[in-house]
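When the letters of the sequence shown are read in order and numbered with numbering that gives the first Met the number 0, they come out as residues 0 to 276. By construction, the Cβ of each residue, glycine as well, lies at the ideal position given by its N, Cα and C atoms. For reference, the structure is listed below as C-alpha cells.
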Amino acid sequence: MTAAAVVFSAAGPFTRLIVLDAWTVVFWRGTFGGLFILAWIAWTHRARTLSAFGGMGRAGLAAAACSALGTVCFINALQRSTVADVTLIHAAAPFVTAAIGWLLLGRRESTTTLAAAAVAMSGVVVIFGGAPAGGQFVGNLLALAMTVLIGTMMVIIRANPGRSMLPAASLSGFASAVLVAPFAQPLSPTIGELAMLAAFGAQFGLGLLLLTLGTRLVSATRSALIGSLEIPLGPVAVWLAFAERPAAASYAGGAVVVAAVLADILFGRRRRRSGLN
C-alpha cells in the first residue's frame with residue numbers, strides 16, 4: 000500500500016507534461032495500464048489466465064466499474080483543478096471508505112475514526128470554498144466523486160478476500176478507455192507523446208496492481224489511510240517541477256485533513272496498545 004501511494008503520487012507531473020485533452024489521456028492511460036496488469040496476470044497465472052477473469056464474479060465487475068469511473072474523474076479533475084486540491088480532497092478517502100463500509104457491510108469504525116472523518120470533511124469544505132466558481136470547482140467535485148468511487152472499490156475488494164481482483168483491475172483500465180473512446184482522439188498523439196502516455200499507463204497499472212494486492216491484506220479503511228501518504232508527495236513534485244502553488248484555502252483545508260489523518264493514526268495506535276476497540 001505504501002508503494003502504491005508513492006507510485007500514484009507521480010500522476011500530477013505526468014498530467015502537466017502531457018499536453019493533450021483529458022479524454023485522449025484517459026484512453027491511452029487506461030489501455031496501457033490494462034495491458035500492464037494483464038501481462039502480470041498472464042505471467043503469474045499462465046494457462047489459468049482466462050479462468051482468472053471468469054472467477055472474478057459480479058464483485059469483480061463492480062470493482063472494475065468503480066475503478067474505471069474513478070479514473071475518468073481523476074484525470075479530468077487534475078486537468079481542471081490544482082494537483083494540491085485533488086490530492087487533499089482525496090485525503091478524505093480513509094473516512095469516505097469507512098462510511099461506505101458501514102453503509103454496505105455494516106462495519107462500523109471506532110468513534111475516533113468517525114470524529115476524524117467529520118474533521119477531514121470540514122477541511123474538504125474549506126478547499127471547496129476557496130476554489131473559483133469556474134473550472135477549478137468542477138475539478139474539485141470530480142476529485143470528490145473519484146474519492147467515493149475508489150473507496151467503494153476498496154470495500155468491495157476487502158469484502159472478497161478469497162477472490163483475485165487483479166482481473167478486475169486490468170478490466171477497469173480497458174473499461175475506462177472504452178468509456179471515453181467516443182470523445183477521445185487516439186490517433187492525435189505524436190510518437191513522443193505516445194511514449195509518455197505508455198509510461199503514464201505503466202505508472203497507473205503498477206499503482207493499481209499494488210493497490211489491489213495490498214487492499215486484500217489490510218482493512219479497506221487502513222488501505223485508504225496508508226494511501227494518504229500521497230498527500231505531501233503529489234503537490235510537492237508538481238510544485239518543484241512546474242512551480243504550481245496551491246491557494247491559501249488549499250493550505251488551510253489541507254492542514255485540517257492531514258491533521259485528522261495523523262490524529263486517527265495516533266489514537267489508533269493507542270487503542271491497539273491499550274486493547275480498546
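- In the displayed model, Ala158 falls within coil according to three-state DSSP, outside both helix and strand.
- For Pro12, the enclosing alpha helix (DSSP H) stretches over residues Ala10 to Leu16.
- Shown here, Gly54 sits in coil according to DSSP, grouped into three states, outside any helix or strand.
- Only exposed fits Leu103, as fewer than 16 other CB atoms lie within 10 angstroms of its CB.
- In the three-state reduction of the DSSP assignment, Arg215 falls in the coil class, being assigned neither a helical nor a strand state.
- Taking one beta carbon from each stretch, the segment 52-63 and the segment 159-168 have 3 or more pairs nearer than 8 Å; the two touch.
- A Cβ-Cβ separation of about 18 Å leaves Ile225 out of contact with Thr151 under the 8 Å criterion.
- With distances taken between CA atoms, Ile40 lies nearest to Ala168 out of Met0, Leu210 and Ala168.
- The straight-line gap separating the alpha-carbon atoms of Leu49 and Gly122 is approximately 45 Å.
- Here Leu186 carries a coil assignment [DSSP, helix/strand/coil].
- Boundaries of the alpha helix (DSSP H) around Pro93: Ala92 to Leu104.
- Under the criterion of beta carbons closer than 8 Å, Ala142 and Val85 qualify as touching, at roughly 4 Å.
- Between the segment 73-80 and the segment 183-197, the count of Cβ pairs shorter than 8 Å is below three; the stretches do not touch.
- Going by beta carbons, Phe173 and Gly29 fall inside the 9 Å limit.
- Judged by DSSP in its simplified three-state form, Asp263 adopts helix.
- For Leu49, the three-state secondary structure derived from DSSP is helix.
- Shown here, Met164 sits in coil according to DSSP, grouped into three states, outside any helix or strand.
- For a cut-off of 8 Å, the C-beta gap from Gly32 to Gly204 is around 4 Å, short enough to register as a contact.
- Thr23 carries a helical assignment under DSSP once its states are collapsed to helix, strand and coil.
- For Leu87 and Ala46, the gap between their C-alpha atoms comes out near 42 Å.
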